[in-house]
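Peer 1:
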Amino acid sequence: MRSFLFPLFLSVPVAALGAPPPVAVIADPPADRLHPAAMAAFVIPAQDGALNAVMYRAAGVGPHPTLLLLHGFPGNEQNLDLAQAARRAGWNVLTFHYRGSWGSPGRFSFANCLQDGATALAYLRRPDVVARFGIDPSRIAVAGHSMGGMVAARVGADDAGVIGVFLIDPADFAAIGRGFVDPKKRAAFLLDEVRGDMPPLAGTSEEAIMTETAHAGRSLDLVAAMPALAGRPLALIGTTRGFGTMAEAAARRAREAGARHLDAETFETDHVFSDVRIALAGRLVTWLAQFGR
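In case it helps, mature numbering (1 follows the signal peptide of the UniProt record, and there is no 0) puts the sequence shown at residues -18 to -1, 1 to 275.
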């Protein structure tokens, strides 16, 4: 197992991201005519709703390591390029929409998103699902972007069977809520992060989102999840124009908790990694390689 130990959070300018990416990021693998790669869309049952899901199945007979990939709030950037790269690298990838988002039945809330992440993880371990998609249930990792990073951290922290967690500019809602003591920060979050993102969501409101953020507790505290993740491979990839300081704070806590397999860096880009998508996919594929294929 490859180990990473960074004494400082590294800042990576775009110009320094020019190393050749892993082959799986930029090239298709040889076709497997007997066991080709495939995609399946289906619905995962959930409490008082359902999760519209897609499985990207890797080529080959399997069993395959599998990545649970969680999008953010509301999910405008779904990171499906990362899903495709991981699949080319030999991984199954499960993506889904949380209850109350993008047509998934139910009511959207951050608390429900945490439940939905755990529900999807449990789904991947069902014997019928393992058989259908050729899943190796002993090799399931979780990755998430923004709010999905918070969900991934909590799901991984609560489940010791998750082999590793890859967090992409994760959002710390407890930290954001604490910042509401400053009215300007509260107003900025409402105007910049919430108001324009409501259309794909159901069963919620601006007021409900703001109230849940203001009262976010330990389950939505990114830093609080770090001790439970410190003993496993953990990646914290921040951005200079996004939530990078939250990733940095989480990385510091992970080190304090004794993390010895920590990959921590900051990309000089925006919150959705607009101009470094190949580099981001390369980081993910390289990180996944430590678990085999």
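Quick reminder that beta carbons are idealized off the backbone N, C-alpha and C, glycines included.
1) Quick check on this structure: which residue in L262, G274, T195 has the alpha carbon closest to the alpha carbon of A67?
2) What runs of the beta strand (DSSP E), each 3 residues or longer, lie entirely inside the segment 91 to 122?
3) Does the segment 160 to 172 come close enough to the segment 61 to 80 that 3 or more CB-CB pairs lie under 8 angstroms?
4) Could you pull out every residue in the same chain whose Cβ sits closer than 6 angstroms to the Cβ of A232, ignoring the five residues on either side in sequence?
5) Given a cut-off of 9 angstroms, decide if P152 and A229 are closer than it, judged by their beta-carbon atoms.
6) Check the DSSP bridge columns for G220 and list the partner residues they point to.
7) Which residue spans inside the segment 161 to 225 form an unbroken alpha helix (DSSP H) run of at least 4?
8) Kindly indicate the opening and closing residues of the beta strand (DSSP E) around R39.
9) For I145, report the span of its beta strand (DSSP E) as first-last.
10) For a test of the three-state rule: what should DSSP assign to A241, helix, strand or coil?
11) Find the nearest neighbour of L76 within the set V176, A123, G44, judged by alpha-carbon distance.
12) Three or more beta-carbon pairs under 8 angstroms between the segment 135 to 146 and the segment 172 to 183, yes or no?
13) By a C-beta neighbour count over all protein chains shown, 10 Å radius and 16 as the cutoff for buried, is H197 buried or exposed?
14) Could you have a look at D10 and say whether DSSP puts it in helix, strand or coil?
15) Checking 9 angstroms against the spacing of the C-beta atoms, do I158 and G126 come in under that value?
16) Out of A212, R214, F171, L211, point me to the one whose CA is closest to E194's CA.
17) Check for me: the alpha helix (DSSP H) holding L64 runs from which residue to which?
18) Output needed for F55: all residues of its chain with C-beta closer than 7 angstroms, excluding positions within five of it in sequence on either side, in chain order.
19) Can you name the start and end residues of the alpha helix (DSSP H) that L262 belongs to?
20) According to DSSP, simplified to helix, strand and coil, what is F55?
21) In terms of alpha-carbon separation, which member of L270, G116, I260, F273 lies closest to N61?
22) Look up V124 in the DSSP assignment and say whether it is helix, strand or coil.
23) Given a cut-off of 9 angstroms on the beta-carbon distance, is the pair P215 and G146 in contact?
24) Is the segment 11 to 19 in contact with the segment 90 to 109, if contact means three or more CB pairs nearer than 8 angstroms?
25) With DSSP run on the structure shown, which of helix, strand or coil describes A1?
26) Return the first residue and the last residue of the beta strand (DSSP E) that P27 is part of.
27) Skipping 5 residues on each side, what residues in its chain have a beta carbon closer than 7 angstroms to that of E188?
28) Just to confirm, are R81 and G224 a CB contact at a threshold of 9 angstroms?
29) If you compare alpha carbons, which of G143, R275, H79 is closest to I26?
Peer 2: Judging by the given coordinates:
1) As a working note, residue 67 is residue 85 in the sequence shown. The candidate whose alpha carbon is nearest that of A67 is L262.
2) none
3) no
4) If you number the sequence shown from 1, residue 232 lands on position 250. So the list reads L204, V205, M208, L218, once near-sequence residues are dropped.
5) Locating residue 229 in the sequence shown gives position 247, counting from the first residue. Locating residue 152 in the sequence shown gives position 170, counting from the first residue. It is a contact, given that the beta carbons lie within the stated cut-off.
6) Sequence index remark: in the sequence shown, residue 220 carries index 238 (1-based). Beta-bridge pairing by DSSP links G220 to T248.
7) 165 to 171, 188 to 196, 204 to 211
8) The residue you call residue 39 lines up with position 57 of the sequence shown. For R39, the enclosing beta strand (DSSP E) stretches over residues 31 to 39.
9) The residue given as residue 145 occupies position 163 in the sequence shown. For I145, there is no enclosing beta strand (DSSP E), as DSSP marks it with neither H nor E.
10) By 1-based counting over the sequence shown, the position of residue 241 is 259. If DSSP states are grouped into helix, strand and coil, A241 belongs with coil.
11) Here residue 76 corresponds to residue number 94 of the sequence shown, with the count starting at 1. That would be A123, whose Cα lies nearest to the Cα of L76.
12) No, the segment 135 to 146 does not touch the segment 172 to 183.
13) Here residue 197 corresponds to residue number 215 of the sequence shown, with the count starting at 1. Answer is exposed; the Cβ neighbour count stays below 16.
14) Mapped onto the sequence shown, residue 10 falls at position 28. Correct three-state label for D10: coil.
15) As a first step, residue 158 must be located in the sequence shown, where it is residue number 176. As a first step, residue 126 must be located in the sequence shown, where it is residue number 144. No, they are not a contact pair.
16) Taking the first residue of the sequence shown as position 1, residue 194 is located at position 212. Minimum Cα distance to E194 is reached at F171.
17) Stepping through the sequence shown from its first residue, residue 64 is reached at position 82. Where L64 is concerned, the enclosing alpha helix (DSSP H) stretches over 62 to 70.
18) Here residue 55 corresponds to residue number 73 of the sequence shown, with the count starting at 1. If we look at F55 and ignore the five residues flanking it on each side, its Cβ neighbours are S128, M129, D179.
19) Here residue 262 corresponds to residue number 280 of the sequence shown, with the count starting at 1. Taken as a continuous stretch (DSSP letters only), the alpha helix (DSSP H) holding L262 covers 259 to 271.
20) Numbered from its first residue, the sequence shown carries residue 55 at position 73. Residue state, collapsed to three classes: coil.
21) Your numbering for residue 61 matches position 79 in the sequence shown. N61 has its Cα closest to that of I260, out of L270, G116, I260, F273.
22) The count along the sequence shown starts at 1 and reaches residue 124 at position 142. Strand.
23) Numbered from 1 along the sequence shown, position 233 holds the residue referred to as residue 215. Numbered from 1 along the sequence shown, position 164 holds the residue referred to as residue 146. Remark: C-beta atoms of P215 and G146 approach each other more closely than 9 angstroms.
24) no
25) For the purposes of this step, residue 1 is identified with residue 19 of the sequence shown, where counting begins at 1. A1 sits in coil when the DSSP states are folded into three classes, being neither helix nor strand.
26) Counting from 1 along the sequence shown, the entry for residue 27 is found at position 45. Note, P27: beta strand (DSSP E), 20 to 28.
27) In the sequence shown, the residue the question calls residue 188 occupies position 206. The residues are L172, V176, R177, M180.
28) On the sequence shown, position 99 is the one that residue 81 refers to. On the sequence shown, position 242 is the one that residue 224 refers to. No, they are not a contact pair.
29) The count along the sequence shown starts at 1 and reaches residue 26 at position 44. Ranking the options by Cα distance to I26, first place goes to H79.
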